[in-house]
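Participant: Below you'll find the structure I mean.
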Amino acid sequence: MSSSSKDTTQQIRKSLAKRYRAEKRFRLYGVLAILFGLLCVATLFVDIIGKGHGAFRQTYIELTVNYDADILGVSDINDKQQLALGNYAGLVKKSLRSKFTDVSGRREKRELYTLVSNSAEYELADRIKTSPSLLGQSEKLWVLADDDIDTYFKSLNRSDGPFIGRTSEKQQQWIQSLIDEGGIKLRFNSNFFKTGDSREPEQAGIGGAIVGSLFTLFITLVISFPIGVAAAVYLEEFAPKNRWTDFIEVNINNLAAVPSIIFGLLGLAIFINFFHVPRSVPIIGGLVLAVMTLPTIIISSRAAIKSVPPSIREAGIGIGASPVQVVLHHVLPLALPGMLTGTIIGMAQALGETAPLLMIGMVAFIVDVPGGFTDPATVLPVQIFLWADSPERAFVEKTSAAIMVLLAFLITMNTLAVVLRKRLERRW
Amino acid sequence: MQTSNLIIALLVMSALAYYFGYQRSQGFARQLGGVRNLHSLPTYYGMRVALWCGLPSVLLLFIGLAFEESIISKLLLSGLRADIRPNSIAEYNLLMNKIENLASGALSAEGVRPALLDAAAALAYLRDTSQRLFTAMAVLTAGIGGLWGWWKMSAQLRARQQVEKVFKGFLLLCASLAILTTLGILLSVIFESLRFFQQVPISEFLFGLEWSPQTAIRADQVGGSGSFGAVPLFLGTLLISLIAMMVAVPAGLMSAIYLAEYAGSKVRSFVKPTLEILAGVPTVVYGYFAALTVAPLIRATGADFGLSVTSESALAAGLVMGIMIIPFISSLADDVINAVPQTMRDGSLALGATHSETIKQVIIPAALPGIVGGVLLAVSRAIGETMIVVMAAGLAANLTVNPLETVTTVTVQIVTLLVGDQEFDSAKTLSAFALGLMLFLVTLGLNFIALRVVKKYREQYE
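Residue numbers (the working numbering), protein chains in the order written: chain E, 1 to 428; chain S, 1001 to 1462.
What follows is the structure, given as structure tokens:
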């Protein structure tokens, strides 16, 4: 008897040890899963910031430019046409030649000229247009370096050696001499935030894409917020319980889970082919994104209206207000913070969306910063998509930097939503 | 008058109508001895007149605008001389563009055939006339409506009820837009798909094993005749979704269980929002991450083991998609696990079960319907995910289940077929809509089942 009970105890002990081990293992799996998730977040951010932080500074080279009237071909400084047609590229070339006198042969000359970006000539043209007295004078100017030079210069201090794939030995020597005399440096790249897209990475910026995104989001907001709120009010406050209402509800819930690319097909077939809305403009982008974010806004607005206690409505009815008056004067103002939070989250979703916009032609190569709702435009995520496809190495940096800007916008919007909820939300 | 100016004019007229309606009701009130003798407040009388003025005219304007372009081009086409009348849709589009540019002055009139110039002049005339017609009709309707509303006023008029009825009608209209959207999606994909199935039999599309949508654009062109067997696409989509689920389901579920059952409030308040960041990152960023970081990494690792991995492997896309879906699964699972009543946990623990046994044998079975629903929703997201696969998966439609090779998906093909210029009568373009129809039906089915399962489950414990 006693021996069998000992046996049982032992057995239980053994199995207990096993069960505790299983318990520990299970916990470990949980910890591992969480660590994996956190690792993914960290890797994503480290990878993107590591690749993109360089793009906020760009390489500039100092040139001594002599605004020689003969090279420019300008005899009369007040002649606008002469000024517009002036040979500014010649000026840049000449100042490069005077800086590096050891250049001989066509090939070396061509290599020399590719040290600076071709935007340098436009800069010179602007200088002379704004201050014509410069004609015949000399001045020192910092001009934009070519993207290959920029990549090389930024990679000089890398642990695994500089990236020399796109620069010749001669060019590297010139850069070395520039470094020695302090004629090359990194400056804050304000162009990146001002200009539109460009085939030349050193001139490409996200200014156009940001403005396009703002126009598009504005249209989205103007359409989806009022309609979303109105739909939510109807469903929560006035809808009779019937088949039609049920059908609307099922539809909204399903639309919230429809893949975004389907909305692109809708935009293409209905808005563009049937209603002839022009392609590639913020109006069509905003329309498609509004249709897409509408379910999100409706669902969150309904939750906000639901959280207003019924006693408020009863009090309003009790002192003789009509149901519409109760909703407009009491329920809506109280539910507004919750609705705004949902709308901001919906807008953040729309800002990050790419796929449906590809369908409706917002992937065009657009150099100009759009000036209105009917100008061809692109948006920030699509710009990222376009740059990610570009073969030039310098675009990797630009793409990552554009992603950083996009993420900064999204994080700001989401934080705003959280703060708004904390600040304005009432607990009943 | 331009449309924007016209709308402003209508708004001004409505504001005036409001003012006159308000004034008239005040007049009634004075006669009867105070506002309380009116049926409604004076603002309601004002709003009623404003609605009578604004609503019919704006409705008329929108209906007109929707049909203006097509009516004008019909009229223009019927007035064209026989020698430049187009024979096909492509020619028609070209001609319309030309006339449009001539009329707007973007194209210079030099050396252009006189018939075209006449057409451009006719277009300008038609535009001008329709503008005038619209202005006149809208202003007239607004005026008559406003006058009618003003004329029919009396102290007993149930103005508030009428205004509220219009308001409720507007709300219903907004709510019904959801149905209109679904209808629009269905119509847009079904119509184009039907046209596609007229050219390619549906059985070939659903069961064909080869996908190469390159069709000859001109009749005399040498080139692929195009084959539209979508099985490789379906298989590729399933393969990538399966890889994604193999990453996301264990990671998401285990982290949800840990957060709900083991983690202290401090850990929870840090880990949960951090994981949610993953849900807020745009998909284009994941695509970039997959194509430029994960794919080369997998390729290099594969090379170390002597495996040849393509740079657009299904594994890279699936892996990153899995990472994207982790927070989706974990937050849904978190919800359902928290919804399991505490009494069930207490009962199991009181019987001597360890915490993990309670989770495995009591909580998960109880939460299973909700978890399954969440996973189904996640599958539907994985199938419909576009940017990651567009950037990281390939275009080659290989019939393979090897995750190290390139496969393509339904969404990738839709994007490739529809980006850029399209011609809407070629099977190549139309096939994208057939793929869209498949995608819509499958995701709709999955969502429908998932939402029902989740709803049923919720009711069970409420």
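Cβ coordinates follow ideal geometry from the N, Cα and C atoms, glycine included.
1. Give a yes or no on whether 8 Å exceeds the smallest Cβ distance from MET339/E to chain S.
2. Give every residue of the same chain whose Cβ lies closer than 8 Å to the Cβ of GLY1229/S, excluding the five residues on either side of it in the sequence, and list them in chain order.
3. Comparing alpha-carbon positions, which option in LEU1055/S, GLU1100/S and ASP1304/S lies nearest VAL1163/S?
4. Could you check the C-alpha separation between ILE1414/S and GLY286/E for me, to the nearest Å?
5. Report the residue from ASP1334/S, LEU1332/S and VAL1271/S whose alpha carbon sits nearest the alpha carbon of LEU32/E.
6. Let me confirm a value: LYS51/E is counted as buried when at least 16 other C-beta atoms fall within 10 Å, else exposed. Which label applies?
7. Have a look at THR1274/S and LEU35/E and give me their C-alpha separation to the nearest angstrom.
8. Quick one, which residues of the region 1339 to 1358 of chain S are near chain E if we go by CB-CB under 8 Å, in chain order?
9. Can you look up VAL1372/S in the DSSP assignment and give me helix, strand or coil?
10. Please report the straight-line C-alpha distance between GLY73/E and LEU141/E, rounded to a whole angstrom.
11. With a floor of 3 residues, list each beta strand (DSSP E) that falls wholly inside the region 1229 to 1296 of chain S, ordered by position along the chain.
12. Give, in chain order, every residue of the region 1153 to 1164 of chain S whose Cβ lies closer than 9 Å to some Cβ of chain E.
13. Within 8 Å (strictly less), CB to CB, does VAL1139/S reach chain E?
14. Are any of the Cβ atoms in chain E nearer than 8 Å to that of TYR1457/S?
15. Just the chain S side, please: which residues come within less than 9 Å of LEU410/E by C-beta, in chain order?
16. Taking its Cβ as the centre, do 16 or more other Cβ atoms sit within 10 Å of LYS194/E, making it buried, or is it exposed?
17. For TRP1052/S, count the other beta carbons within 10 Å of its own beta carbon; 16 or more makes it buried, fewer makes it exposed. Which is it?
18. Thinking just about the alpha-carbon of each residue, which of ALA22/E, GLY30/E, PHE56/E and CYS40/E is nearest to the one in THR399/E?
19. Which chain E residues sit within Cβ distance under 9 Å of ILE1326/S?
20. Could you name the residues of the region 142 to 160 of chain E whose beta carbon sits closer than 7 Å to any beta carbon of chain S, in the order they occur along the chain?
21. Counting Cβ pairs, one atom from each stretch, are 3 or more of them under 8 Å apart for the region 219 to 235 of chain E and the region 93 to 102 of chain E?
22. For ALA1279/S, which option in ALA231/E, ILE345/E and LEU63/E has the closest C-alpha, if you only look at C-alpha atoms?
23. For the region 202 to 221 of chain E against the region 286 to 306 of chain E, are there 3 or more C-beta pairs whose distance is under 8 Å?
24. Can you tell which of MET347/E, VAL250/E, VAL363/E and LYS109/E has its C-alpha closest to the C-alpha of ALA377/E?
25. Spell out whether any CB of chain S is found under 8 Å from the CB atom of GLY352/E.
26. Below 8 Å on the Cβ atoms is my contact criterion, and I expect ARG426/E with TYR1262/S to pass it. Report the Cβ-Cβ distance as a whole number of Å.
27. Please state whether the Cβ-Cβ distance between VAL1390/S and VAL1412/S is less than 8 Å.
28. Please work out which residues of its chain come closer than 8 Å, Cβ to Cβ, to LEU1126/S, disregarding the five sequence neighbours upstream and downstream, and give them in chain order.
29. Tell me the rounded alpha-carbon separation between ASN273/E and ARG1085/S.
30. Distance, Cα to Cα, ILE284/E vs ILE360/E?
31. Indicate, with yes or no, if the ligand MN has a heavy atom lying under 7 Å from the CB of ALA408/E.
32. Looking at chain E, is there any beta carbon in it that lies within less than 8 Å of the beta carbon of GLU1487/S?
33. Note down, in chain order, every chain S residue with its Cβ under 7 Å from the Cβ of PRO438/E.
34. Below 7 Å CB to CB, which residues in the same chain sit around ASN1338/S once its five sequence neighbours on both sides are set aside?
35. At a Cβ cut of 7 Å, what residues of the region 1166 to 1191 of chain S count as close to chain E, listed as they run along the chain?
36. Among GLY30/E, SER311/E and GLU353/E, which has the Cα closest to the Cα of ILE262/E?
Facilitator: The answer reads as follows:
1. On the first sequence, position 339 is the one that residue 339/E refers to. Not one chain S Cβ lies under 8 Å of MET339/E.
2. For the purposes of this step, residue 1229/S is identified with residue 229 of the second sequence, where counting begins at 1. Contacts found: GLU1204, PHE1205, PHE1207, GLY1208, LEU1209, GLU1210 and TRP1211.
3. Mapped onto the second sequence, residue 1163/S falls at position 163. Considering only alpha carbons, the answer is LEU1055/S.
4. Locating residue 1414/S in the second sequence gives position 414, where the first residue counts as 1. Locating residue 286/E in the first sequence gives position 286, where the first residue counts as 1. In a straight line, the C-alpha of ILE1414/S is about 21 Å away from that of GLY286/E.
5. If you number the first sequence from 1, residue 32/E lands on position 32. Comparing Cα positions, the closest option is VAL1271/S.
6. Position 51 of the first sequence, counted from the start, is the residue given in the question as residue 51/E. With 16 or more other Cβ atoms within 10 Å, it is buried.
7. Within the second sequence, residue 1274/S is the residue found at index 274, counting from 1. Within the first sequence, residue 35/E is the residue found at index 35, counting from 1. Roughly 11 Å between the two C-alpha positions.
8. From the region 1339 to 1358 of chain S, only THR1354, HIS1355, SER1356 and GLU1357 have a Cβ closer than 8 Å to chain E.
9. Here residue 1372/S corresponds to residue number 372 of the second sequence, with the count starting at 1. Of the three classes helix, strand and coil, the one that applies to VAL1372/S here is helix, per DSSP.
10. Translated into the one-based positions of the first sequence, residue 73/E becomes position 73. Translated into the one-based positions of the first sequence, residue 141/E becomes position 141. Straight-line spacing of the CA atoms in GLY73/E and LEU141/E works out to 21 Å.
11. Annotation: the region 1229 to 1296 of chain S contains no complete segment of the beta strand (DSSP E) (minimum length 3 residues).
12. When C-beta distances to chain E are compared with 9 Å, the residues of the region 1153 to 1164 of chain S below that value are ARG1160, GLN1161, VAL1163 and GLU1164, in chain order.
13. Translated into positions along the second sequence, residue 1139/S becomes position 139. Answer no: the Cβ-Cβ gap between VAL1139/S and chain E never drops below 8 Å.
14. Translated into the one-based positions of the second sequence, residue 1457/S becomes position 457. Taking Cβ atoms only, chain E never reaches closer than 8 Å to TYR1457/S, which makes this a no.
15. As a working note, residue 410/E is residue 410 in the first sequence. Against LEU410/E, the close residues of chain S are GLY1280, VAL1281 and PRO1282, in the order they occur along the chain (beta-carbon pairs closer than 9 Å).
16. Here the question's residue 194/E lines up with position 194 in the first sequence. So LYS194/E ends up on the exposed side.
17. Position 52 of the second sequence, counted from the start, is the residue given in the question as residue 1052/S. Answer is buried; the Cβ neighbour count reaches 16.
18. Mapped onto the first sequence, residue 399/E falls at position 399. Distance check between THR399/E and each of ALA22/E, GLY30/E, PHE56/E and CYS40/E places PHE56/E closest, using alpha-carbon atoms only.
19. Numbered from its first residue, the second sequence carries residue 1326/S at position 326. When 9 Å is used as the limit between beta carbons, ILE1326/S is near these residues of chain E: ALA33, PHE36, GLY37 and CYS40, in chain order.
20. The region 142 to 160 of chain E vs chain S, Cβ under 7 Å: nothing.
21. Segment contact: the region 219 to 235 of chain E against the region 93 to 102 of chain E, fewer than three CB-CB distances shorter than 8 Å; contact not assigned.
22. Here residue 1279/S refers to the residue found at position 279 of the second sequence. Relative to ALA1279/S, the option among ALA231/E, ILE345/E and LEU63/E whose CA is nearest is ILE345/E.
23. With the cut-off at 8 Å, the region 202 to 221 of chain E and the region 286 to 306 of chain E touch.
24. Against the first sequence, residue 377/E aligns to sequence position 377. Of MET347/E, VAL250/E, VAL363/E and LYS109/E, the residue nearest in Cα terms is VAL363/E.
25. The sequence position of residue 352/E within the first sequence is 352, counting from 1. Look at GLY352/E: its C-beta is under 8 Å from a C-beta on chain S.
26. The residue you call residue 426/E lines up with position 426 of the first sequence. The residue you call residue 1262/S lines up with position 262 of the second sequence. Approximately 33 Å separates the beta-carbon atoms of ARG426/E and TYR1262/S; this is outside 8 Å, ruling out the contact.
27. Residue numbering aside, residue 1390/S sits at position 390 when the second sequence is read from its first letter. Residue numbering aside, residue 1412/S sits at position 412 when the second sequence is read from its first letter. With contacts defined by Cβ atoms closer than 8 Å, VAL1390/S and VAL1412/S form a contacting pair.
28. Residue 1126/S sits at position 126 when you count from the first residue of the second sequence. Residues of the same chain with a CB within less than 8 Å of the CB of LEU1126/S, apart from the 5 flanking positions on each side, are ILE1072, LEU1075 and LEU1076 in chain order.
29. Taking the first sequence and counting its residues from 1, the one referred to as residue 273/E is at position 273. Taking the second sequence and counting its residues from 1, the one referred to as residue 1085/S is at position 85. Approximately 22 Å, taken between the alpha carbons.
30. Here residue 284/E is taken as the residue at index 284 of the first sequence, counted from 1. Here residue 360/E is taken as the residue at index 360 of the first sequence, counted from 1. Between ILE284/E and ILE360/E, the alpha-carbon positions lie close to 7 Å from each other.
31. The ligand MN is not part of this structure, which contains no ligands at all.
32. Limits of chain S in this structure are 1001 at one end and 1462 at the other, which puts residue 1487/S out of reach.
33. No statement about residue 438/E is possible, as the shown extent of chain E runs from 1 to 428 and does not include it.
34. In the second sequence, counting from the first residue as 1, residue 1338/S sits at position 338. The residues ALA1260, in chain order, have a CB closer than 7 Å to that of ASN1338/S in the same chain once the five nearest residues on each side in sequence are set aside.
35. Here the close residues are PHE1167, LYS1168, PHE1170, LEU1171, LEU1172, CYS1174, ALA1175, SER1176, LEU1177, ALA1178, ILE1179, THR1181, THR1182, GLY1184, ILE1185, SER1188 and VAL1189.
36. In the first sequence, counting from the first residue as 1, residue 262/E sits at position 262. Ranked by Cα distance from ILE262/E, the first of GLY30/E, SER311/E and GLU353/E is GLU353/E.
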